[in-house]
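Asker:
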Amino acid sequence: MPPLAALCLALAALPGAQAQESDLRQRLAERLAQPDATGAVKAVNRGATRPGPAKAAAPKVRWGYTGEGAPERWAEIDPANRLCGVGTRQSPIDLRDTFKVDLDKIQFDYRPSGFSVLDNGRTVHVAVEPGNHLTVQGVRYALTHFHFRRPSEERIQGKQFDMSVQLFHQNEAGRLAVLTVLLERGDDQPVVQQVWNHLPLEKGDTQKGLVPMDLSALLPSDPAYFTYMGSLTTPPCTEGVLWLVMRQPVGISAQQLAIFEKLYPMNARPIQAGSGRIVKESL
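Residue numbering for the sequence shown is -19 to -1, 1 to 264, as defined by mature numbering (1 follows the signal peptide of the UniProt record, and there is no 0).
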């Protein structure tokens, strides 16, 4: 019989020892459960299991453009992104097999406005003060913000461009219209340069513009455009978005391209299925 067990039995036989028996057994169990000289732990109850160390919760995957958060996994990493995987009106698409029709010209009412620049970790985001609008198909939309993509998410007959600017507008009913201006290597672009001049030094920071920005300087001289119904190109990939893609690209210098490339070499969602959608193009 092990010495500690014999001692326990002997003490239990003494007068008045019964009251201490339960406490002694508990201490004996704790002693037997301590590691011996070899580091092994003696089992008190072979059917019992000791709880293991608590596991730290796995960090939530952040959506992005590469790795575990890449576009093909957006629908998996958050139930709110379901449409990214099952939607039938997703963007961007390749603008081909278009219907050439006499589209109403987009009426722009862009004027010099205050702005602020945010590097949000996925793109350069520019918030614009109220006062800028466009009107298309008889509906007026107010500009809220714009951001940049590299390369362009939109393609024309399979051709992808160096970058693009996506300008987000909203009407009184809450419907979205996104205007895309395609950028290709050429001359300096004044609006782009104004944004780059105000890039924050750290991701997550915002820098306010010192001089009002005139977004009319970003528009191409040719008013022709493509239009179709699509979605946001970022989670949650909400559908019902009116897309307006200017057909003529605007120049951007090699140096301006290089600045964005250093920050975001690639932040464009891949082309999505057209799913039989009608794409109209200006004559």
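Don't be surprised by glycine CBs; every beta carbon is placed ideally from N, CA and C.
Please read these numbers as outputs of a predicted model, since none were measured by experiment.
CA-CA distance, E183 and L84?
Answerer: Counting from one through the sequence shown, the residue named residue 183 turns up at place 202. Counting from one through the sequence shown, the residue named residue 84 turns up at place 103. Rounded to whole angstroms, E183 to L84 spans 43 Å at the Cα level.
Asker: According to DSSP, is V231 part of a helix, a strand, or is it coil?
Answerer: In the sequence shown, the residue the question calls residue 231 occupies position 250. It is a strand residue.
Asker: Compute the Euclidean distance between the alpha carbons of L199 and L238, then round it to the nearest angstrom.
Answerer: Here residue 199 corresponds to residue number 218 of the sequence shown, with the count starting at 1. Here residue 238 corresponds to residue number 257 of the sequence shown, with the count starting at 1. Spanning the two alpha carbons is a distance of roughly 15 Å.
Asker: What number of angstroms, rounded off, separates the C-alpha of V155 from the C-alpha of E49?
Answerer: In the sequence shown, the residue the question calls residue 155 occupies position 174. In the sequence shown, the residue the question calls residue 49 occupies position 68. In the sequence on display, residue 155 carries Gly and not Val. Taking the straight line joining both Cα atoms gives about 33 Å.
Asker: If you draw a straight line from the C-alpha of M227 to the C-alpha of I58, how long is it?
Answerer: Mapped onto the sequence shown, residue 227 falls at position 246. Mapped onto the sequence shown, residue 58 falls at position 77. Their backbone Cα atoms lie some 33 Å apart in a straight line.
Asker: Nearest-angstrom Cα distance between Q118 and K41?
Answerer: Reading the sequence shown from its first residue, position 137 is the one you call residue 118. Reading the sequence shown from its first residue, position 60 is the one you call residue 41. Taking the straight line joining both Cα atoms gives about 42 Å.
Asker: Taking the alpha carbon of R43 as the point to measure from, which residue in G232, P217, P246 has its own alpha carbon closest?
Answerer: If you number the sequence shown from 1, residue 43 lands on position 62. Among G232, P217, P246, the Cα nearest to that of R43 belongs to P217.
Asker: Bridge partners of I137, per DSSP?
Answerer: Residue 137 sits at position 156 when you count from the first residue of the sequence shown. Answer is L76, K140.
Asker: Quick one: residues in its chain with C-beta nearer than 6 Å to the C-beta of S97, no 5 flanking neighbours on either side, listed in chain order?
Answerer: If you number the sequence shown from 1, residue 97 lands on position 116. Only A108, T187, K189 meet the Cβ criterion.
Asker: Where DSSP assigns a beta bridge to F89, which residues make up the other side?
Answerer: As a first step, residue 89 must be located in the sequence shown, where it is residue number 108. Beta-bridge pairing links F89 to L115.
Asker: Evaluate Q236 with the Cβ neighbour count: other Cβ atoms within 10 Å of its Cβ, from every protein chain shown; 16 or more gives buried, anything less gives exposed.
Answerer: As a working note, residue 236 is residue 255 in the sequence shown. Exposed is the call here.
Asker: Using the Cα positions of P111 and T161, report the straight-line distance between them to the nearest angstrom.
Answerer: Counting from 1 along the sequence shown, the entry for residue 111 is found at position 130. Counting from 1 along the sequence shown, the entry for residue 161 is found at position 180. Roughly 19 Å separates the two Cα atoms.
Asker: Could you pull out every residue in the same chain whose Cβ sits closer than 6 Å to the Cβ of R121, ignoring the five residues on either side in sequence?
Answerer: Position 140 of the sequence shown, counted from the start, is the residue given in the question as residue 121. Counting only Cβ-Cβ distances below 6 Å, and skipping sequence neighbours, we find H114.
Asker: Is it buried or exposed, V231, if we count other Cβ atoms within 10 angstroms and call 16 or more buried?
Answerer: Counting from 1 along the sequence shown, the entry for residue 231 is found at position 250. By the 10 Å Cβ count, V231 comes out buried.
Asker: Compute the distance between the beta-carbons of Q88 and T125, then report whether it is under 7 Å.
Answerer: To locate residue 88, count along the sequence shown from 1; it is residue 107. To locate residue 125, count along the sequence shown from 1; it is residue 144. No, the pair does not count as a contact, with Cβ atoms beyond the cut-off.
Asker: Tell me which residue opens and which closes the alpha helix (DSSP H) that E57 is part of.
Answerer: Residue mapping note: residue 57 aligns to position 76 of the sequence shown, counting from 1. Segment 55 to 58, the alpha helix (DSSP H) holding E57.
Asker: Within the same chain, show all residues whose beta-carbon is closer than 7 Å to that of S94, passing over the 5 residues directly before and after it, in chain order.
Answerer: As a first step, residue 94 is located in the sequence shown; it is residue number 113 there, counting from the start. Cβ within range, chain order: V109, E110, G112, N113, P193, M194.
Asker: Can you check whether the CB of E134 is closer than 7 Å to the CB of T214?
Answerer: Translated into positions along the sequence shown, residue 214 becomes position 233. Translated into positions along the sequence shown, residue 134 becomes position 153. Yes.
Asker: Quick one: is M247 buried, meaning 16 or more other Cβ sit within 10 Å of its Cβ, or exposed?
Answerer: The residue you call residue 247 lines up with position 266 of the sequence shown. So M247 counts as exposed.
Asker: What residue does the beta strand (DSSP E) around G211 start on, and which one ends it?
Answerer: To locate residue 211, count along the sequence shown from 1; it is residue 230. Where G211 is concerned, the enclosing beta strand (DSSP E) stretches over 206 to 212.
Asker: At the level of alpha carbons, what is the spacing between M210 and G221?
Answerer: Start at 1 with the first residue of the sequence shown, and residue 210 comes out as number 229. Start at 1 with the first residue of the sequence shown, and residue 221 comes out as number 240. Their backbone Cα atoms lie some 6 Å apart in a straight line.
Asker: K23: buried (16+ other C-beta within 10 angstroms of its C-beta) or exposed?
Answerer: In the sequence shown, the residue the question calls residue 23 occupies position 42. Confidence at K23 is low in this model, with a pLDDT of 44, below 50, so the placement of that residue is unreliable and no value is reported for it.
Asker: When you compare each of I240, G139, T47, T104 to P73 by their alpha carbons, which one comes out closest?
Answerer: As a first step, residue 73 must be located in the sequence shown, where it is residue number 92. Checked all of I240, G139, T47, T104; the closest Cα to P73 is G139.
Asker: Less than 7 Å between C-beta atoms, sequence neighbours within five positions excluded: which residues of the same chain meet that for S197?
Answerer: Working through the sequence shown from its first residue, we reach residue 197 at position 216. Hits under 7 Å: F89, Y91.
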